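Quick note, the sequence shown lines up with residues -8 to 416 if you use the working numbering.
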Amino acid sequence: MSALVLVGAQWGDEGKGKITDFLARKADCVVRYQGGSNAGHTVEVMNEKFMLHLIPSGILYPDTLCVIANGVVVDMQKLIEEIEGLQQRGIDTSQLRISQRAPVVIPYHKKIDELEDLKSGIGTTKRGIGPAYADKINRIGFRIADFMNGRDFIIDRFKTQVEYKNRIIRELYGEEGFDCRELLDGLLQQADILKKYTADTSLLLYRSIQEGKKVMFEGAQGALLDIDHGTYPYVTSSNPIAGGACVGSGIGPTLINRVLGVAKAYSTRVGEGPFPTELQDSTGETLRERGAEFGTTTGRPRRCGWVDAVVLRYAARINGLTDLAITKLDVLDSFAAVKICVAYRYQGKLLYEFPENNQVLEQCEPEYLIMPGWQKDISDISEYEELPVNARAYLEKIEELTGVKQTLISVGPKRKQTIVNYELF
Ligand code: IMP
């Protein structure tokens, strides 16, 4: 039995797409279990760049089954565009499977997300994620299955929802509402296109794991964006942490045996919310430029800062991390010194655990350990022992502070720019 959950250990954008793609060469199945098209996973293969939003990063391997499980909120139009985009580039998408239980992101969700974000200032991706999950929890949402049984089955419920959403859009925001018939026609057509990909994905995954196949769950976003455990309300509306993989795919926790956290060698965050190690100076600017830190989904510049071991220790705890992958180590190549946040200073006291209270977090100042940089191009190094001694010391300090051993070190976007300390599968 071999099931691995891969999660972001920071605020998303940790380079999970590359690590998933790298590990997917050995996986029989890659599963998305939460989030939606707010995610943006970049994978670079043979000098070609692929941006994936809904489809699991395993899709670039022809024999890997790729599952969009019940926990993902699916924008069917975007999914069709992504499938067609891959097909146009010669990628076979026939191994894609989608759960009919997945909630559907409907254009009114995107509109409401856009309008509400103007007020809340969370800085969402405007992909309708929060409103779609809210409808799911409120039991007024629609699943893919609902659009597969024909118009008569859904029309009354759908009409009620469109009228309700139109009232919000028109009366609260003074904007144009949606035409019910046009909307439903579009969704029924999209569901018809996607029908051939649908499957009982919980059953499929259960059987695959029982048969000894290697199944990898690919988290989107990151631990600090988790709706329950992140920096609420500056979070996404799902559970990116490892526990989310069970709920979001219909697999019991006893079937999962490894949890891999992916963390950048520094920190970034998009959107608003507390970020203790943020650098609003030329060092932050250098990290942004060297790391090309601009959002895959929205193109927004990412906020940048030093690596935060308090955050990583917290991520290790709430995910139950067994292994860690460190990405973008090469981005730090030019620095004369590198810093690791080892604790927070709050009202004169040192805190070693991530605070539960955002107001406390906002007032925390990072306490840094300063280490010498390596000032050497490491992007061609493929063996751990060949890394400069200062780079190894930096990694080993992170390992010591988090208590999680490092399986993979990424020194560039390409598959071959990956140092393997030990095999996971
Ligand atoms: P939402 O998920 O679009 O509702 O956005 C909520 C928060 O999560 C915002 O701060 C977004 O910038 C952030 N977010 C959502 N998806 C990602 C991601 O894939 N990477 C990084 N941040 C994300």
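Here a beta-carbon is modelled for each residue, glycine too, at the ideal position from N, C-alpha and C.
As the structure is a computational prediction, the values presented were derived from the model and not from experiment.
Rounded distance between the beta-carbons of residue j and residue i, thought under 8 Å
i, j, result
"Glu73", "Ile46", "5 Å"
"Thr288", "Ile120", "Contact doesn't hold; Cβ gap of about 11 Å is too wide."
"Phe138", "Leu178", "5 Å"
"Leu175", "Phe149", "6 Å"
"Lys9", "Ser401", "6 Å"
"Ala254", "Leu315", "6 Å"
"Pro231", "Glu353", "Not a contact, Cβ separation roughly 22 Å."
"Ala233", "Val(-2)", "5 Å"
"Phe416", "Ser48", "Actually they are not in contact, since the Cβ atoms of Phe416 and Ser48 sit about 15 Å apart, beyond 8 Å."
"Leu(-5)", "Arg198", "Leu(-5) to Arg198, Cβ: 17 Å. No contact."
"Lys69", "His44", "7 Å"
"Ser240", "Val22", "6 Å"
Closer than 8 Å: residue i CB and nearest the ligand IMP heavy atom
i, result
"Glu209", "no"
"Ile120", "yes"
"Arg262", "This sequence places Gly at residue 262; Arg is not what is there. Gly262 Cβ: within cutoff of the ligand IMP."
"Gln417", "Absent from the structure is residue 417, since the part of the chain shown begins at -8 and ends at 416."
"Gln212", "yes"
"Ile113", "yes"
"Ser228", "yes"
"Ala384", "no"
"Lys117", "yes"
"Leu216", "yes"
"Gly239", "no"
"Tyr225", "yes"
"Trp2", "yes"
"Asp12", "no"
"Ala30", "yes"
"Asp66", "no"
"Gly286", "yes"
"Thr419", "No answer is possible for residue 419: it lies beyond the span of the chain, which begins at -8 and ends at 416."
"Gly26", "yes"
"Asp104", "yes"
Assigned exposure category for residue i - 16 Cβ within 10 Å defines buried
i, result
"Asn38", "exposed"
"Thr245", "exposed"
"Gln201", "exposed"
"Val58", "buried"
"Asn29", "buried"
"Asp368", "exposed"
"Met67", "buried"
"Glu5", "buried"
"Ala306", "buried"
"Ser85", "exposed"
"Ala214", "buried"
"Ile128", "exposed"
"Pro404", "buried"
"Pro224", "exposed"
"Asp12", "buried"
"Gly203", "exposed"
"Gly27", "buried"
Own chain residues within Cβ distance below 6 Å of residue i, not counting five before or after
i, result
"Tyr99", "Lys156, Phe169"
"Met362", "Val329, Tyr385"
"Phe326", "Gly364"
"Thr268", "Ser258, Gly296, Trp297, Asp299, Cys332, Pro357"
"Thr189", "Ile89, Gln91"
"Gly114", "Gly262, Glu263"
"Cys171", "Lys150, Val153"
Same chain, Cβ closer than 8 Å to residue i, neighbours up to 5 away in sequence not counted
i, result
"Asn412", "Tyr375, Lys396, Gln397, Thr398, Leu399, Ile400"
"Gly235", "Tyr24, Gln25, Gly62, Gly210, Asp217, Ser229"
"Glu167", "Ile160, Arg161"
"Arg142", "Leu175, Leu179"
Chain C contact for residue i (CB, 9 Å cutoff)
i, result
"Pro292", "No chain C appears in this structure, which consists of one protein chain only."
Residues near residue i in its chain [Cβ-Cβ closer than 7 Å; skip 5 each side]
i, result
"Gln152", "Ile131"
"Leu378", "Ile369, Ile372"
"Ala334", "Val301, Leu341, Leu342, Tyr343, Glu358"
"Gly112", "Glu263"
"Gly31", "Met42, His44, Gly286, Thr287, Thr288"
| task | Quick one: which unbroken alpha helix (DSSP H) runs of 4-plus residues sit fully inside the region 29 to 112? Chain order, please. | result | Runs found: 67 to 79, 98 to 111.
| query | Which runs of the alpha helix (DSSP H), 4 residues or longer, sit entirely within the region 172 to 243? | reply | 192 to 201, 234 to 238
| Can you list, in chain order, the stretches of the beta strand (DSSP E) that have 3 or more residues and sit fully within the region 358 to 386? | none
| task | With a floor of 4 residues, list each alpha helix (DSSP H) that falls wholly inside the region 248 to 291, ordered by position along the chain. | result | Qualifying alpha helix (DSSP H) stretches, in chain order: 273 to 281.
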